[in-house]
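Comments concern the structure below.
Number of protein chains: 2
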Amino acid sequence: MLQAGGAGAFACQRLTCVLAALSVATIANAQQNPAAAAARQWRTAHESAILAEFMDLLAIPNLARDVPNIRKNAAAVSGLLEKRGVKTRLLEVPGAPPVVFGSIDSPGATRTLVFYAHYDGQPLDPKEWATPPWEPVVRDGRIYARSASDDKAPIMALGAALDALKAVRITLHSNIKFVFEGEEEAGSPHLASILEKYKDLLSGDVWLICDGPVHQSRRQQIVFGARGITELDITVYGPKHELHSGHYGNWAPNPAMMLARLLASMKDDEGRVTIDRFYDGIEPLSETERRAVAEAPDVDRDLMRELWLGSTEGGGKKLVELLNLPSLNIRGMSSARTGAQASNVVPATATATIDIRLVKGIDHDTAAARVIAHIRKQGYYVVDSEPDAETRMAHAKVARVVIEPGGYDAARTSMDLPISQLVLRTAESARGPVVKLPTMGGSVPLYMIDAILHAPTITVPIVNHDNNQHSFDENLRIENLWDGIELLAALLAM
Amino acid sequence: MLQAGGAGAFACQRLTCVLAALSVATIANAQQNPAAAAARQWRTAHESAILAEFMDLLAIPNLARDVPNIRKNAAAVSGLLEKRGVKTRLLEVPGAPPVVFGSIDSPGATRTLVFYAHYDGQPLDPKEWATPPWEPVVRDGRIYARSASDDKAPIMALGAALDALKAVRITLHSNIKFVFEGEEEAGSPHLASILEKYKDLLSGDVWLICDGPVHQSRRQQIVFGARGITELDITVYGPKHELHSGHYGNWAPNPAMMLARLLASMKDDEGRVTIDRFYDGIEPLSETERRAVAEAPDVDRDLMRELWLGSTEGGGKKLVELLNLPSLNIRGMSSARTGAQASNVVPATATATIDIRLVKGIDHDTAAARVIAHIRKQGYYVVDSEPDAETRMAHAKVARVVIEPGGYDAARTSMDLPISQLVLRTAESARGPVVKLPTMGGSVPLYMIDAILHAPTITVPIVNHDNNQHSFDENLRIENLWDGIELLAALLAM
Numbered sequence: 224m225l226q227a228g229g230a231g232a233f234a235c236q237r238l239t240c241v242l243a244a245l246s247v248a249t250i251a252n253a254q255q256n257p258a259a260a261a262a263r264q265w266r267t268a269h270e271s272a273i274l275a276e277f278m279d280l281l282a283i284p285n286l287a288r289d290v291p292n293i294r295k296n297a298a299a300v301s302g303l304l305e306k307r308g309v310k311t312r313l314l315e316v317p318g319a320p321p322v323v324f325g326s327i328d329s330p331g332a333t334r335t336l337v338f339y340a341h342y343d344g345q346p347l348d349p350k351e352w353a354t355p356p357w358e359p360v361v362r363d364g365r366i367y368a369r370s371a372s373d374d375k376a377p378i379m380a381l382g383a384a385l386d387a388l389k390a391v392r393i394t395l396h397s398n399i400k401f402v403f404e405g406e407e408e409a410g411s412p413h414l415a416s417i418l419e420k421y422k423d424l425l426s427g428d429v430w431l432i433c434d435g436p437v438h439q440s441r442r443q444q445i446v447f448g449a450r451g452i453t454e455l456d457i458t459v460y461g462p463k464h465e466l467h468s469g470h471y472g473n474w475a476p477n478p479a480m481m482l483a484r485l486l487a488s489m490k491d492d493e494g495r496v497t498i499d500r501f502y503d504g505i506e507p508l509s510e511t512e513r514r515a516v517a518e519a520p521d522v523d524r525d526l527m528r529e530l531w532l533g534s535t536e537g538g539g540k541k542l543v544e545l546l547n548l549p550s551l552n553i554r555g556m557s558s559a560r561t562g563a564q565a566s567n568v569v570p571a572t573a574t575a576t577i578d579i580r581l582v583k584g585i586d587h588d589t590a591a592a593r594v595i596a597h598i599r600k601q602g603y604y605v606v607d608s609e610p611d612a613e614t615r616m617a618h619a620k621v622a623r624v625v626i627e628p629g630g631y632d633a634a635r636t637s638m639d640l641p642i643s644q645l646v647l648r649t650a651e652s653a654r655g656p657v658v659k660l661p662t663m664g665g666s667v668p669l670y671m672i673d674a675i676l677h678a679p680t681i682t683v684p685i686v687n688h689d690n691n692q693h694s695f696d697e698n699l700r701i702e703n704l705w706d707g708i709e710l711l712a713a714l715l716a717m
Numbered sequence: 224m225l226q227a228g229g230a231g232a233f234a235c236q237r238l239t240c241v242l243a244a245l246s247v248a249t250i251a252n253a254q255q256n257p258a259a260a261a262a263r264q265w266r267t268a269h270e271s272a273i274l275a276e277f278m279d280l281l282a283i284p285n286l287a288r289d290v291p292n293i294r295k296n297a298a299a300v301s302g303l304l305e306k307r308g309v310k311t312r313l314l315e316v317p318g319a320p321p322v323v324f325g326s327i328d329s330p331g332a333t334r335t336l337v338f339y340a341h342y343d344g345q346p347l348d349p350k351e352w353a354t355p356p357w358e359p360v361v362r363d364g365r366i367y368a369r370s371a372s373d374d375k376a377p378i379m380a381l382g383a384a385l386d387a388l389k390a391v392r393i394t395l396h397s398n399i400k401f402v403f404e405g406e407e408e409a410g411s412p413h414l415a416s417i418l419e420k421y422k423d424l425l426s427g428d429v430w431l432i433c434d435g436p437v438h439q440s441r442r443q444q445i446v447f448g449a450r451g452i453t454e455l456d457i458t459v460y461g462p463k464h465e466l467h468s469g470h471y472g473n474w475a476p477n478p479a480m481m482l483a484r485l486l487a488s489m490k491d492d493e494g495r496v497t498i499d500r501f502y503d504g505i506e507p508l509s510e511t512e513r514r515a516v517a518e519a520p521d522v523d524r525d526l527m528r529e530l531w532l533g534s535t536e537g538g539g540k541k542l543v544e545l546l547n548l549p550s551l552n553i554r555g556m557s558s559a560r561t562g563a564q565a566s567n568v569v570p571a572t573a574t575a576t577i578d579i580r581l582v583k584g585i586d587h588d589t590a591a592a593r594v595i596a597h598i599r600k601q602g603y604y605v606v607d608s609e610p611d612a613e614t615r616m617a618h619a620k621v622a623r624v625v626i627e628p629g630g631y632d633a634a635r636t637s638m639d640l641p642i643s644q645l646v647l648r649t650a651e652s653a654r655g656p657v658v659k660l661p662t663m664g665g666s667v668p669l670y671m672i673d674a675i676l677h678a679p680t681i682t683v684p685i686v687n688h689d690n691n692q693h694s695f696d697e698n699l700r701i702e703n704l705w706d707g708i709e710l711l712a713a714l715l716a717m
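In structure tokens, the structure reads:
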């Protein structure tokens, strides 16, 4: 908790003071939003220091399951806040990386803003990276490192924004809380119990989720929901062990072909999911939300060029429209070996991992159950553990389906709420016209915040879309860090 | 070349001598064939020595590409023949493991029998093996080692058969040649040029191919052809690099789903290949061949139990019938990662390796061209090297199809030829009623022998069908080695 009037604290000052502190040249280019203008001023003078501090943070390996290192990250993130006079504590439940909590009390404030981010990163294979994932480097205006974008960037941007606001002594009108999670990429398995345990501490009028990328046009976007998710591993079975393909091929069922047929049965030519009732129950968009989607820039052509695509799925629908539908994606597929490693066998098993992204109105249990019902409809006997010889001989087709723990539902905050309108106005005064989306494509466990804390969530992303998050060579476009500092300064001060 | 009358050589003796050499008890159980009876007599008295010699041969790593070790194998195989008085030489062409050649001239012989086998083994991953592949061990009546079955077993069995025939001084009625290849599992890339170069040396009235397994009923089988083969790697392309499945899933085409749909389009529910003209041109079976297939024992139920299968492909056709049709098999399939290694991405590519087994009447180039035409018919632009950005953007679907070198055609010798009938009579006199197959399921490059040497080929397998050849834990059932010595002794003496 930051004490008003403490050393270097946020003293009560007015807009005029801020403007006076800026040079005439800066004022001419400044945004209408004084906090954003102050952030630009500060950043321009401290770029090297900001980058140096950020690279130190990125150099700490941050897989949620790597206990010693994840705690080092928590300590570093706490330190980053405390350096700015924010009082912090670690919120703990057994078996989980700590949540780094920080707070600033603002005298006279009538609302509380909670800024959420996460400091853990996606699992990775270092062999796939051009440079080591935890040895951050700058190349071509980008920082390359695991979590450079997802999701340490907002943590650094909030720190720099606090510096900027302090430097020009801007008044905060809201109480501020920071909630930095340490196992989001592991599916936030303990977040619900942390929210329950620290319910009062974590309450607020709105949770501002600092995660995900800005729009592909590089324009700021504000997002009012996130899709839910469920993930399934599907294994189908051929012969007990690999067989010579000459002696047994086209007599012994080939599990790779079985899996191909099963997966192919799940979508039509245009990419529409053909699983029964897959789209049933979708909560329709409001008038405001429909308008926002229609107004979102069409970047599909540019993206296709960037990604070397000659076509897209979705029957001609734009990407921004498709995000308001549930999706079914194959994450990976494996059976025996391919290419130079292949041998002339009928494989013994074939496995696919799929994810289903969910929108409001379809819960994750229902979605997983629909997939399993579809697999049964294709003639499979479905089991959830390794099938024995008797089971495999008793059924023409056997599939093992494991629903990964950690699935969750979608969340969506109405764009018509007063707090939604305030966030939009503030963001536009800082960053110009913003793209407004009812839902982001990715999944963050926003539903918990609604369910446990009854607080609306609004996502305020800052990183570039082309950041390779969740893959190798993750990176942050440094310009996005600069823009993000301005946006977050404005939101801190709103 | 073995000299008649030399030390321990095959002196002219008659059936009566052989019978006199056998005890009364042995005679009661002996086969009608005196050479087979002599082989059993010899083997019973020398089991340990035969196994010890075989295990030494199996202990030499035998991948065709492992030049120093493959030459050690060639030397060991030559030594095995020379120890039996067979004159040997190494047949060489640049870049190839040598063919070990051996010959026995039999005075007065009016025919020449060529015994073919190969001493190299399938590539492997030692991590998959219960015990190291080149440290042979005996467990439960089987020898476990790479090439225990495929294809060092016939080499050892021929050696032991020669010992047995010499011991009872049986007359050989035929000139004998041995041709032991060193790169069959690499697709015999130099065999054609070796056959051309040593055309006269390698001529014969019949090539007896000692490769492949006996019937699944464990009855001896004699096979009059082998299927041809062609192998293709198919890679389909999604986005330039992996993408976040939430932000881009179901907009960016998923190559794993594309590949699943493509593979699924190649077969119907019953496993019949749906590629246009896939079955066109098949040379029909003769009356004798059809009768042989009809008479072959039906082991499908037993095999299903052994392999834990609840169903088979082929629309109700027996395995033995299906071997007379071309087949399409997926050897392996891969795209990004599955299970615990999976991450929430749209993969960038997906690859399948497939093999096509061919029967007489369809050549391997035609078969590969039909697959490629099918891929085009599914809307793919087909390339044979890595497609660049322009190519990928210019086409909705791009597939890279690489036809692996080393494909070849099927071969089939008529069962009605006098030499075919002689082999069948001899085998039945040694081993009782045999299963007669027009074609084996696997592929060996028999077509070359017909094309270059104009010699018919007949396959005389000795190893067990459940030998895990081409996979890990390859093994030979020792009983099959004993039976094989008897069969090969009879054929050597016919």
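The listed protein sequences derive, respectively, from chains A and B.
Counting in our numbering, the first sequence runs from 224 upward without gaps.
Counting in our numbering, the second sequence runs from 224 upward without gaps.
We put the beta carbon where it would ideally sit given N, CA and C, even for glycine.
(1) Classify Trp474/A as helix, strand or coil using the three-state DSSP reduction.
(2) Considering only the beta carbon of each residue, do Leu714/B and Leu431/B sit closer than 8 Å?
(3) For a contact meaning CB atoms closer than 7 Å, what does Arg593/B contact in chain A?
(4) Output needed for Glu358/B: all residues of its chain with C-beta closer than 8 Å, excluding positions within five of it in sequence on either side, in chain order.
(5) Just to confirm before moving on: does the CB-CB distance between Ala716/B and Ile327/B stay below 8 Å?
(6) Just curious, the beta strand (DSSP E) that Glu407/B is in, first and last residue?
(7) Quick check on the DSSP output: the alpha helix (DSSP H) that includes Ala612/A runs from which residue to which?
(8) Just confirm the distance between the C-beta atoms of Thr680/B and Ala575/A, as a whole number of angstroms; I'd bet it's less than 8 Å.
(9) Express the C-alpha separation of Leu530/A and Gln520/A in angstroms, rounding to a whole number.
(10) Which stretch, first to last residue, makes up the alpha helix (DSSP H) that contains Ala415/B?
(11) Drop a sphere of 10 angstroms on the beta-carbon of Gln644/A, count the other beta-carbons inside from all chains shown, and report buried for 16 or more, exposed for fewer.
(12) Check whether the segment 653-672 of chain B touches the segment 469-478 of chain B, counting contact only when three or more Cβ pairs, one atom from each stretch, lie closer than 8 Å.
(13) Tell me the rounded alpha-carbon separation between Ala387/A and Ile378/A.
(14) If you draw a straight line from the C-alpha of Ala248/B to the C-alpha of Trp705/B, how long is it?
(15) Can you tell which of Ile553/B, Gly533/B, Ala559/B has the C-alpha that lies nearest to the C-alpha of Ala565/A?
(16) How would you label Arg593/B, buried or exposed, when you count the other beta carbons within 10 angstroms and need 16 or more for buried?
(17) Would DSSP call Tyr670/B helix, strand or coil?
(18) Quick check on Gly325/B - is its C-beta less than 8 Å from some C-beta in chain A?
(19) When Cβ atoms are compared, which residues of the segment 578-602 of chain A fall closer than 8 Å to chain B?
(20) Which residues in the same chain as Ser440/B place their Cβ atom closer than 6 Å to its Cβ, once the five residues preceding and following it in sequence are excluded?
(21) Quick one: residues in its chain with C-beta nearer than 6 Å to the C-beta of Ser411/A, no 5 flanking neighbours on either side, listed in chain order?
(22) Using the three-state DSSP reduction, which class does Phe277/B fall into: helix, strand or coil?
(23) Please classify Ala563/A: is it buried, with 16 or more other beta-carbons within 10 angstroms of its beta-carbon, or exposed?
(24) Around the C-beta of Val290/B, are 16 or more other C-beta atoms found within 10 angstroms, so that it is buried, or is it exposed?
(25) Report the neighbours of Val568/A on chain B: residues whose CB is nearer than 7 Å to its CB, in chain order.
(26) According to DSSP, what are the bridge partners of His341/B?
(27) Hey, Ile598/B and Val606/B: beta-carbon distance below 8 Å or not?
(28) Quick one: which chain B residues come within Cβ less than 9 Å of Ser550/A?
(29) Let's test the definition: count the other Cβ atoms within 10 Å of the Cβ of Glu702/A and tell me whether it reaches 16, buried, or not, exposed.
(30) What would DSSP say about Ala575/A, mapped onto helix, strand or coil?
(31) Here's the rule I'm using: 16 or more other beta-carbon atoms within 10 Å means buried, otherwise exposed. How should Arg484/A be labelled?
(32) Which residues in the same chain have their Cβ closer than 8 Å to the Cβ of Gly602/B, if we skip the five residues on either side of it in sequence?
(33) Is Gly451/A near Asp632/A, with beta carbons less than 8 Å apart?
(34) Our contact map puts Leu482/B next to Ile399/B with C-beta atoms below 8 Å; I'd like the distance itself, whole angstroms only.
(35) Could you give the DSSP three-state label for Arg266/B: helix, strand or coil?
(36) Taking the DSSP output, what are the residues bridged to Thr680/B?
From the atom records:
(1) Locating residue 474/A in the first sequence gives position 251, counting from the first residue. Residue state, collapsed to three classes: coil.
(2) Here residue 714/B corresponds to residue number 491 of the second sequence, with the count starting at 1. Here residue 431/B corresponds to residue number 208 of the second sequence, with the count starting at 1. Closer than 8 Å, so yes.
(3) Taking the second sequence and counting its residues from 1, the one referred to as residue 593/B is at position 370. Here the premise fails: no neighbours, minimum Cβ distance about 16 Å.
(4) Position 135 of the second sequence holds residue 358/B. Excluding positions up to five away in sequence, the list reads Ala282, Ala368.
(5) One-based indexing of the second sequence puts residue 716/B at position 493. One-based indexing of the second sequence puts residue 327/B at position 104. Cβ distance not < 8 Å, so Ala716/B and Ile327/B don't count as in contact.
(6) Reading the second sequence from its first residue, position 184 is the one you call residue 407/B. No beta strand (DSSP E) holds Glu407/B; DSSP gives it neither H nor E.
(7) The count along the first sequence starts at 1 and reaches residue 612/A at position 389. Element bounds for Ala612/A: 612-617.
(8) The residue given as residue 680/B occupies position 457 in the second sequence. The residue given as residue 575/A occupies position 352 in the first sequence. At roughly 42 Å, the Cβ-Cβ gap does not stay under 8 Å, so Thr680/B and Ala575/A are not in contact.
(9) Residue 520/A sits at position 297 when you count from the first residue of the first sequence. Residue 530/A sits at position 307 when you count from the first residue of the first sequence. Going by the sequence as given, residue 520/A is Pro instead of Gln. Approximately 18 Å between the Cα atoms of the pair.
(10) Taking the first residue of the second sequence as 1, we reach residue 415/B at position 192. Run containing Ala415/B: 414-420, per the alpha helix (DSSP H) assignment.
(11) On the first sequence, residue 644/A is found 421 positions in, with the first residue counted as 1. That one is exposed.
(12) no
(13) Numbered from its first residue, the first sequence carries residue 387/A at position 164. Numbered from its first residue, the first sequence carries residue 378/A at position 155. Roughly 14 Å between the two C-alpha positions.
(14) Counted from its first residue, the second sequence places residue 248/B at position 25. Counted from its first residue, the second sequence places residue 705/B at position 482. Note that Ala248/B scores 33 on pLDDT, short of 50, meaning its location in the model is unreliable; the coordinates nonetheless yield the value given after this. Going from the Cα of Ala248/B to the Cα of Trp705/B covers about 19 Å.
(15) Taking the first residue of the first sequence as 1, we reach residue 565/A at position 342. Among Ile553/B, Gly533/B, Ala559/B, the Cα nearest to that of Ala565/A is on Ile553/B.
(16) On the second sequence, position 370 is the one that residue 593/B refers to. Buried.
(17) Within the second sequence, the letter at position 447 stands for residue 670/B. Helix.
(18) For this step, residue 325/B is matched to residue 102 along the second sequence. Not an interface residue.
(19) Asp578, Arg580
(20) By 1-based counting over the second sequence, the position of residue 440/B is 217. Pro520, Val522.
(21) Position 188 of the first sequence, counted from the start, is the residue given in the question as residue 411/A. Excluding sequence neighbours, Ser411/A sits near Pro668.
(22) On the second sequence, position 54 is the one that residue 277/B refers to. It is helical.
(23) Against the first sequence, residue 563/A aligns to sequence position 340. The residue is exposed, with fewer than 16 neighbouring Cβ atoms inside 10 Å.
(24) To locate residue 290/B, count along the second sequence from 1; it is residue 67. Burial call: exposed.
(25) Taking the first residue of the first sequence as 1, we reach residue 568/A at position 345. Ordered by position in chain B, the residues that pass the 7 Å Cβ test against Val568/A are Arg554, His693, Ser694.
(26) In the second sequence, the residue the question calls residue 341/B occupies position 118. Note: His341/B sits in a beta bridge opposite Glu404/B.
(27) As a working note, residue 598/B is residue 375 in the second sequence. As a working note, residue 606/B is residue 383 in the second sequence. Taking 8 Å as the Cβ cut-off, Ile598/B and Val606/B do not qualify as a contacting pair.
(28) To locate residue 550/A, count along the first sequence from 1; it is residue 327. By Cβ distance, chain B contributes Ser468, Gly469, Gly472, Asn473, Trp474.
(29) As a position in the first sequence, residue 702/A is number 479, starting the count at 1. Exposed: under 16 other Cβ atoms inside 10 Å.
(30) Position 352 of the first sequence, counted from the first residue, corresponds to residue 575/A. Three-state result, Ala575/A: strand.
(31) Start at 1 with the first residue of the first sequence, and residue 484/A comes out as number 261. By the neighbour-count rule (16 or more Cβ atoms within 10 Å), Arg484/A is buried.
(32) The count along the second sequence starts at 1 and reaches residue 602/B at position 379. Answer for Gly602/B: Ala619, Lys620, listed in chain order.
(33) Counted from its first residue, the first sequence places residue 451/A at position 228. Counted from its first residue, the first sequence places residue 632/A at position 409. Closer than 8 Å, so yes.
(34) Here residue 482/B corresponds to residue number 259 of the second sequence, with the count starting at 1. Here residue 399/B corresponds to residue number 176 of the second sequence, with the count starting at 1. The Cβ separation is near 50 Å, so there is no contact.
(35) By one-based count along the second sequence, residue 266/B stands at place 43. Helix, per DSSP.
(36) Working through the second sequence from its first residue, we reach residue 680/B at position 457. According to DSSP, Thr680/B bridges with Trp430/B.
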